[in-house]
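Here's the structure, in structure tokens; my notes come after.
Number of protein chains: 4
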Amino acid sequence: MQLSNKFSASNLSHNTIQTNSSTAVSKQSQSADLDLTADKMTEECGVFGIYNPEAGTEAAEMTYLGLIALQHRGQESAGICANNQGQFNIHKGMGLVENVFSQETIAGLAGEMAIGHVRYSTSGSSKLANAQPILINSIKGDLALAHNGNLANAAELRHNLENNGSIFHSTLDTEVIAHLVARSFEDNIIEALVQSLHQLKGGFSLLAMVKDSLVAIRDPRGFRPLALGKLGSAYVVASESCAFDIIGAEFIRNVEPGEMIIIDQDGLTSSKYSSESKTSLCVFEYIYFARPDSNIDGQNVLLARKEMGKQLAREMDVEADLVVPVPDSGIAAALGFAEESGIPYAQGILRNRYMGRTFIQPTQQIRDLKVRLKLSPIKEIIAGKRIILIDDSIVRGTTSKQIIARIKEAGASEVHVAISSPPVKYPCYFGLDTSRRKELIASSNTVAEIGKTIGADSLHYLSQRGMLAAIKINHDLGFCQACFDGDYPISDRYLNEEE
Amino acid sequence: MQLSNKFSASNLSHNTIQTNSSTAVSKQSQSADLDLTADKMTEECGVFGIYNPEAGTEAAEMTYLGLIALQHRGQESAGICANNQGQFNIHKGMGLVENVFSQETIAGLAGEMAIGHVRYSTSGSSKLANAQPILINSIKGDLALAHNGNLANAAELRHNLENNGSIFHSTLDTEVIAHLVARSFEDNIIEALVQSLHQLKGGFSLLAMVKDSLVAIRDPRGFRPLALGKLGSAYVVASESCAFDIIGAEFIRNVEPGEMIIIDQDGLTSSKYSSESKTSLCVFEYIYFARPDSNIDGQNVLLARKEMGKQLAREMDVEADLVVPVPDSGIAAALGFAEESGIPYAQGILRNRYMGRTFIQPTQQIRDLKVRLKLSPIKEIIAGKRIILIDDSIVRGTTSKQIIARIKEAGASEVHVAISSPPVKYPCYFGLDTSRRKELIASSNTVAEIGKTIGADSLHYLSQRGMLAAIKINHDLGFCQACFDGDYPISDRYLNEEE
Amino acid sequence: MQLSNKFSASNLSHNTIQTNSSTAVSKQSQSADLDLTADKMTEECGVFGIYNPEAGTEAAEMTYLGLIALQHRGQESAGICANNQGQFNIHKGMGLVENVFSQETIAGLAGEMAIGHVRYSTSGSSKLANAQPILINSIKGDLALAHNGNLANAAELRHNLENNGSIFHSTLDTEVIAHLVARSFEDNIIEALVQSLHQLKGGFSLLAMVKDSLVAIRDPRGFRPLALGKLGSAYVVASESCAFDIIGAEFIRNVEPGEMIIIDQDGLTSSKYSSESKTSLCVFEYIYFARPDSNIDGQNVLLARKEMGKQLAREMDVEADLVVPVPDSGIAAALGFAEESGIPYAQGILRNRYMGRTFIQPTQQIRDLKVRLKLSPIKEIIAGKRIILIDDSIVRGTTSKQIIARIKEAGASEVHVAISSPPVKYPCYFGLDTSRRKELIASSNTVAEIGKTIGADSLHYLSQRGMLAAIKINHDLGFCQACFDGDYPISDRYLNEEE
Amino acid sequence: MQLSNKFSASNLSHNTIQTNSSTAVSKQSQSADLDLTADKMTEECGVFGIYNPEAGTEAAEMTYLGLIALQHRGQESAGICANNQGQFNIHKGMGLVENVFSQETIAGLAGEMAIGHVRYSTSGSSKLANAQPILINSIKGDLALAHNGNLANAAELRHNLENNGSIFHSTLDTEVIAHLVARSFEDNIIEALVQSLHQLKGGFSLLAMVKDSLVAIRDPRGFRPLALGKLGSAYVVASESCAFDIIGAEFIRNVEPGEMIIIDQDGLTSSKYSSESKTSLCVFEYIYFARPDSNIDGQNVLLARKEMGKQLAREMDVEADLVVPVPDSGIAAALGFAEESGIPYAQGILRNRYMGRTFIQPTQQIRDLKVRLKLSPIKEIIAGKRIILIDDSIVRGTTSKQIIARIKEAGASEVHVAISSPPVKYPCYFGLDTSRRKELIASSNTVAEIGKTIGADSLHYLSQRGMLAAIKINHDLGFCQACFDGDYPISDRYLNEEE
């Protein structure tokens with residue numbers, strides 16, 4: 001199809017710049033090579049913003065620390081845009097926050113307001129041009145945008161804008177929003193932004209910074225989290241509350257689905273720009289994405305995970321000697337499982353601290369090198385034991401297979417795999433990495449087949465109902481669980497178009 | 001004024017990226033630090049293009065070599081965009097051509113067509129976002145543009161475009177052209193480009209590359225040079241003919257003012273898109289910018305310079321022992337002067353080969369360090385002699401002053417300065433660096449005053465008439481000599497707006 | 001004293017090279033900035049060697065992987081020397097193994113034998129010249145050495161050698177050994193090496209590589225571990241057995257104290273070069289240094305740590321609601337403690353995965369930034385609870401203080417600190433970082449005073465006897481416990497000289 | 001032979017470090033890629049030293065500038081060692097002076113004394129370990145050495161030292177001197193240095209820096225130049241006097257062959273350590289190596305070159321239209337030739353200013369790319385003319401051949417080549433690059449054959465007698481002219497051993 005051709009041309013047209021950038025990345029950000037997470041669902045972004053008019057010009061420093069705390073939400077690129085009395089300065093780069101910024105670059109970002117962004121992306125579109133925030137100098141004023149989520153109708157909107165002469169410089173949905181604002185007949189830039197929101201379908205947590213205010217917007221369904229905090233007289237907004245702790249800020253409340261908060265010299269103004277009443281918070285935030293110490297929409301993530309482990313124990317009936325987590329993703333659920341089942345918890349597998357990267361290619365001799373680099377089973381603990389191996393999810397199954405093989409090699413007599421979430425069968429269109437959906441092992445295999453493929457003596461998944469029960473201890477929001485049941489909270493039209 | 005505020009915001013908004021880039025530059029491109037040329041008029045760009053359908057995929061290699069030959073026209077950034085069967089790949093970077101490109105990046109630019117660009121710019125807007133070529137993915141197809149020159153009405157056009165919702169990512173005039181093309185109601189991209197040309201005022205030599213053809217355009221007045229060559233079955237276009245020699249191509253003819261040449265599988269198609277009859281070739285190309293081995297609009301540059309030296313000798317009446325050039329800019333004129341006057345030519349000042357850069361700050365002890373790094377007077381030659389010191393021009397006069405002081409220190413009994421062009425009194429709006437116009441020493445001082453300021457025993461300039469006579473040996477084009485006489489070949493409206 | 005002046009001059013004389021290198025380090029190896037471990041005892045080295053005559057030329061690749069597995073033993077510099085049919089090639093650099101080596105550098109190290117080294121060091125002597133292995137071209141043949149440990153009489157030997165005209169290029173003990181070999185009247189290089197061993201006092205695990213053989217030597221007292229493994233027909237030697245797992249090699253046995261193993265084409269030859277019968281294995285290998293999955297002298301490290309936790313529980317009498325480890329150092333002991341005491345184990349503090357480095361200076365607002373970057377208490381778990389906080393050791397106490405403060409801030413009603421080893425009161429002379437001995441909080445404070453200083457409601461240390469009982473489950477070696485009781489296994493003469 | 005095997009092993013043993021360094025070089029120092037000089041004799045070193053006790057701590061800054069002025073004597077590596085009240089600091093790196101040093105590294109070299117070095121070397125031994133100065137911490141005190149020249153008996157001395165247990169870390173002759181000093185029974189370090197001098201055969205200009213003094217030594221025959229200057233109360237020493245001009249220092253006199261000058265708080269003390277009466281100054285310093293503005297042993301270099309051109313004109317009898325130099329090496333002689341012969345001088349070939357490097361491989365299409373990158377014949381000047389092409393020397397002849405071909409391509413009717421020195425027939429053992437001696441075209445071809453090979457219509461060399469006459473205008477030293485006549489001023493024993 002022509003449209004997709006054009007987009008691929010767009011990607012290709014920058015590929016040597018991209019090559020450059022990714023070289024830089026591979027040298028700088030060794031910690032970013034998360035071999036094992038290649039077999040996990042992956043988040044696309046984290047955002048942070050601060051409005052700090054009285055506390056001097058350290059908004060960018062605070063944003064830098066906040067982004068470090070949100071680093072788990074994206075390791076590909078990072079950026080901060082600061083606003084110094086109406087003058088906007090921006091710095092972006094490929095790699096981890098700590099590599100992108102130096103003392104000098106932060107010093108160059110003095111200002112009383114700032115927004116920042118960390119980004120994950122599949123390798124195809126990994127390039128500096130796609131780093132956020134984006135900054136535009138429109139006739140309506142300067143506008144910086146940082147965005148976590150995915151617009152279902154981005155391609156349609158982009159096509160219309162290009163037909164009318166707009167020129168795009170990235171493949172970001174965020175740039176679509178920027179062009180809608182620039183094209184609006186509304187002169188006031190915040191009004192133009194509100195008008196634009198009504199044209200967007202999908203999930204987004206969006207921070208916008210204009211001359212004299214910071215704006216935080218969450219999509220009507222609340223797909224992605226967004227939290228509001230306070231640090232002295234300053235307001236902060238972040239994808240997760242863990243970003244508040246690091247700067248000593250206090251969590252106030254979550255930004256609500258469909259809410260727009262404007263922060264300026266008059267303080268905080270909240271309004272609802274949508275009358276949508278159903279919510280669709282991504283359930284995977286609790287399962288894997290969010291940091292365990294975050295509190296999302298009223299529920300601590302670690303406790304939710306531990307509760308999923310307990311629930312899983314209630315649903316299972318396996319005799320075993322030890323409950324062993326896949327570190328770090330399975331630890332919380334394993335502790336819950338052990339507590340509920342009474343089967344002893346053991347550190348049967350260690351996660352190696354310094355194991356980042358290697359260029360050594362797997363050979364016949366050491367086929368499972370990446371797993372060996374990251375995880376070490378402890379023979380003295382495992383040998384001769386019946387193990388319940390706990391993990392949070394299985395996406396492709398390849399890593400699980402290697403881990404199980406290594407555990408058996410270490411002498412485990414039985415390996416029963418217990419997953420603290422249901423089978424992932426459907427791709428995600430609202431902010432997760434969907435590039436490997438054909439590789440979702442549960443999309444075309446039964447649980448028994450998966451268990452056989454990965455070499456488990458038995459395989460167990462938490463029920464969807466059990467999962468919800470575990471999460472909903474403290475609140476009663478609706479969730480998007482489409483990756484488990486295919487029930488997408490948005491029209492099919494956009495889902496197809498996305499392919 | 002609001003407009004200029006917005007533009008300055010635009011510059012500022014990128015300044016940390018710019019800081020980054022310029023750091024990289026200062027490390028990489030030591031040769032680019034031409035201390036002494038800080039006191040010369042400076043060019044803004046060089047362009048090169050090749051259409052090479054039969055000779056395989058080496059268009060980018062040829063462009064790379066062509067840009068090396070054009071390096072004197074711009075050392076700030078370099079870029080190449082290649083077209084491989086309709087797929088566009090681009091690579092750009094800050095610094096010298098030889099630093100921006102590596103074997104890998106050139107290998108990633110395989111293709112049968114390519115355009116390239118080298119750029120000079122005042123430090124203020126020196127940043128990667130302003131590197132050329134620019135590549136856009138419009139609904140009309142991919143379009144790459146490389147441009148040498150300055151549009152007098154760029155600010156006006158940009159204002160109108162932004163008012164209608166266009167978003168700019170650089171401060172380049174080239175991006176204005178791109179937006180005009182994207183906005184055109186004309187679907188055919190070349191037709192849209194032609195429509196856009198009619199809206200442009202000022203000087204430009206423009207290369208455009210689309211899916212299946214290469215387009216070379218020179219502005220109606222011919223402010224900037226543009227030459228056409230042939231390499232086997234391939235056509236090449238370049239700012240100067242010296243870029244042909246390096247790849248073994250043959251000079252055919254100059255692209256004429258107001259001409260558009262389309263090169264595609266049917267060969268070369270020429271058309272005139274303007275009926276302008278007066279030409280305004282920049283006279284400084286002959287005086288300083290162009291490479292001495294280039295042939296511009298029918299005249300070899302070195303011979304023109306030598307002839308200016310002869311003419312200067314005819315106009316002057318000074319007794320002296322030696323004619324000594326400021327190397328390298330004064331050599332050609334000095335040889336001509338010596339030949340005509342009969343006064344012996346001598347290498348009384350040496351240009352030091354490895355002297356690039358230093359971070360050492362001038363102190364009381366060595367105040368004229370930059371001149372010392374670059375130039376060494378030879379006492380054994382100079383001592384006790386009456387010297388005629390030849391240079392091509394004086395812009396600010398600060399370097400001249402230090403050179404003269406060093407020559408006197410070396411024992412010269414008299415130093416008579418002879419300049420092979422008239423006094424530069426007016427700023428340029430058509431492609432030269434105009435940022436230092438207030439610093440033009442001749443704008444507010446008489447020749448006698450300048451001579452006194454720089455410490456010369458006498459100071460002589462070539463007459464404007466003599467200069468024209470020297471250049472016009474082989475052709476009869478009209479020149480832009482506005483920097484000498486203030487007679488700008490364009491409406492005052494744009495000149496004022498530029499300020 | 002004059003001698004130490006000379007040594008400090010030696011350090012100073014290279015300090016710009018050092019400055020350079022450390023700059024490179026700070027850019028490359030963000031993971032190496034282990035803020036919290038600044039408050040831990042630190043190891044100085046890890047070694048790895050392989051003799052692989054049949055398996056082609058991949059010795060360096062295996063060594064590279066082995067060094068990655070030993071990275072916890074040293075993050076300052078890394079190096080590999082390979083032997084390709086008698087030709088020695090070496091590559092060393094500052095930083096983590098994964099940053100020091102690239103595919104190209106490893107490809108340049110083809111060979112059938114290799115030895116490698118990772119190094120930790122206090123900042124003062126951190127420089128490339130001190131990276132290992134060292135390679136010398138003596139008249140007796142090429143010799144490469146990699147060494148883990150500290151010679152007590154290094155200064156004395158060095159003084160004598162310099163007096164006789166030897167020139168040193170590093171401050172390494174290893175270079176002292178090299179000079180002893182070069183000076184020996186014995187022509188055979190291995191014989192010369194054996195002669196040299198008899199002059200050494202202190203702890204060392206030493207790998208030597210000559211033209212046709214690999215030599216592994218452990219000091220007579222066995223201060224530092226050294227393990228022997230097999231990979232097909234190849235032999236491997238490493239500081240810890242965890243380096244075998246990563247390449248799929250099999251652990252055979254430990255190199256014994258006072259043993260020299262020569263590996264060449266005739267296989268493995270073992271000999272005892274010392275008749276020392278007492279052993280002094282460093283007890284801190286079990287407490288903190290070694291990787292939990294290593295097996296040292298017959299005892300798995302993780303199980304030893306868990307047993308220390310159990311023993312600690314037996315020795316203590318505190319009522320509490322939760323056992324919470326300081327991650328990662330306290331986890332194993334905390335699990336043992338919880339199991340023995342019946343008090344529930346909880347992940348009350350999280351270790352943040354991506355938190356490496358920051359240049360932000362602690363301010364009034366966020367004084368405990370480094371702890372905040374690394375550790376996050378979970379309020380929902382901790383609030384209102386009486387906590388037993390488990391860690392492996394306290395060196396200076398500053399980090400403990402901040403951790404306890406954060407836990408109380410998170411709402412813990414009581415914090416009882418339990419340390420799974422005795423108080424560290426005396427400096428180490430045999431391979432650990434001794435630079436901060438005056439900062440050892442237990443050297444001048446009672447347990448009660450320490451508890452008060454760090455803000456604990458009570459503080460408990462494991463008894464020395466309990467510690468030994470926990471470790472000695474599987475073997476009966478003698479240990480060096482001098483850091484706890486000051487009973488150094490070597491003459492006072494050297495201990496004083498060291499100061 | 002075994003000895004040479006060992007040395008080659010020594011080179012090989014560091015080759016990955018070397019690979020690294022040279023990569024860095026190729027990125028940084030584009031100006032250092034002097035394609036055309038590949039066909040010139042090449043110098044090995046330049047040295048600079050300053051003793052500046054009253055003028056504060058800027059000795060390293062002055063040395064940095066001095067090394068920039070001496071850059072033509074070596075572009076491979078650079079280094080400075082400074083002495084700050086007896087504390088020695090050193091910084092060395094691969095590449096050009098301006099790339100090796102930054103403001104920070106120079107700031108780290110504060111001190112009242114400093115010595116510096118620039119080095120050229122054939123690619124084989126190009127590595128950081130061979131950069132100078134070298135700094136050793138001997139029992140006699142710290143000693144820094146910087147050395148220009150070649151010891152004929154270096155291999156013999158090194159062999160003896162290694163036999164007695166010395167360990168070498170480089171392949172430098174300078175390190176041999178350092179070991180001789182360290183081994184001396186003499187405790188006073190300067191006395192030890194004098195003793196060592198008596199063991200050296202060959203050419204050297206040596207700077208030594210100890211705790212409280214700077215020592216300048218020239219070998220008994222004076223193979224390499226060494227000049228003494230004064231800057232206020234400070235003394236400076238440098239390979240060439242051009243290094244004085246850049247810092248505003250005044251030339252005093254040359255260091256004499258066999259002289260040792262000690263500069264300390266008591267001023268300057270001169271002594272003769274040798275009674276050798278014959279001198280052997282390298283004649284190529286005048287022909288090509290030295291900078292034209294230097295004054296060596298009483299003779300200005302540029303004037304000597306111009307005089308060689310005049311002498312050449314007197315010896316030749318060719319009719320021609322133009323005298324054209326190969327820039328820059330032939331310019332001075334060509335001006336002399338034109339003046340003497342009356343044939344007009346013309347800039348018929350231009351040297352391109354920005355042409356540094358390229359990775360493009362010569363193809364059928366552009367075989368002479370390197371010449372094209374550097375030199376451009378000007379058709380308008382050359383076409384139809386009989387040219388006398390002047391250069392200073394021919395080593396291999398390959399570049400000459402390409403230049404002549406390009407001139408003929410540009411339309412010259414005849415090309416007569418005139419070389420302002422005799423044919424180079426014999427290798428050099430005293431400080432010049434001897435690696436290509438088999439490639440000396442004149443060693444196995446007659447002048448007629450060479451002329452035919454390079455495509456000249458006729459070829460002329462200056463006579464040896466004419467050359468001497470041209471140089472000896474101002475002094476009467478003896479010269480080493482062995483490269484012309486094979487009459488080496490040193491025993492054959494060393495010449496053979498060198499092979």
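Chains as they are written, first to last, in the UniProt record's numbering: chain V, 1 to 499; chain E, 1 to 499; chain H, 1 to 499; chain F, 1 to 499. Positions of the beta carbon are idealized from the N, C-alpha and C atoms, including for glycine.
(message) Which residues in chain H have a C-beta closer than 8 Å to the C-beta of Leu-335 of chain V? List them in chain order.
(response) Residues of chain H passing the Cβ test: Tyr-345, Ala-346, Gln-347.
(message) Report the CB separation of Ser-420 of chain F from Met-308 of chain F in whole angstroms; it is logged as a contact under 8 Å.
(response) Correct: roughly 4 Å between the Cβ atoms.
(message) On the criterion of 16 or more Cβ atoms from any shown chain inside 10 Å, does Arg-218 of chain E qualify as buried, or is it exposed?
(response) When all chains shown are included, Arg-218 of chain E counts as buried.
(message) Output needed in chain order: residues of the region 290-311 of chain H with a Cβ under 7 Å from some Cβ in chain V.
(response) Result list: Pro-292, Asp-293, Asn-300, Leu-302, Leu-303.
(request) Go through its chain and collect everything with a Cβ distance to Ala-146 of chain H's Cβ below 6 Å, but skip five positions before and after it. (result) Correct list, in chain order: Val-47, Ile-115, His-117, Gln-132, Pro-133, Leu-207.
(request) Determine the extent of the beta strand (DSSP E) in which Ala-334 of chain V is found, giving its start and end residues. (result) That residue, Ala-334 of chain V, is in no beta strand (DSSP E); its alpha helix (DSSP H) goes 331-341.
(message) Tell me which residue opens and which closes the beta strand (DSSP E) that Asn-148 of chain H is part of.
(response) Where Asn-148 of chain H is concerned, the enclosing beta strand (DSSP E) stretches over 141-151.
(message) Here's the rule I'm using: 16 or more other beta-carbon atoms within 10 Å means buried, otherwise exposed. How should Asp-487 of chain H be labelled?
(response) Its Cβ having fewer than 16 others within 10 Å, Asp-487 of chain H is exposed.
(request) Use the C-beta contact count for Asn-496 of chain V: other C-beta atoms within 10 angstroms, 16 or more gives buried, fewer gives exposed. (result) In this prediction, Asn-496 of chain V has a pLDDT of 49, which is less than 50 and means its spatial position is unreliable; nothing more can be read from the coordinates.
(message) Going by DSSP, what residue range makes up the alpha helix (DSSP H) through Leu-302 of chain E?
(response) Counting along the chain, Leu-302 of chain E sits inside the alpha helix (DSSP H) bounded by residues 301-315.
(message) If we define contact as Cβ-Cβ less than 8 Å, is Ile-139 of chain V a contact residue for chain E?
(response) Residue-level contact by beta carbon holds for Ile-139 of chain V and chain E, with a gap shorter than 8 Å.
(message) For Thr-269 of chain V, list the residues DSSP reports as bridge partners.
(response) Answer is V:Ile-262, bridged to Thr-269 of chain V.
(message) If I follow the unbroken alpha helix (DSSP H) through His-179 of chain F, where does it start and stop?
(response) Taken as a continuous stretch (DSSP letters only), the alpha helix (DSSP H) holding His-179 of chain F covers 173-183.
(message) By alpha-carbon positions, which one of H:Glu-104, H:Asn-84, H:Gly-74, H:Ala-107 ends up nearest to Met-94 of chain H?
(response) Selected option, being the one with the closest Cα: H:Gly-74.
(request) Return the CA-CA distance between Ser-443 of chain E and Ala-469 of chain E, expressed in angstroms with no decimal places. (result) Approximately 24 Å between the Cα atoms of the pair.
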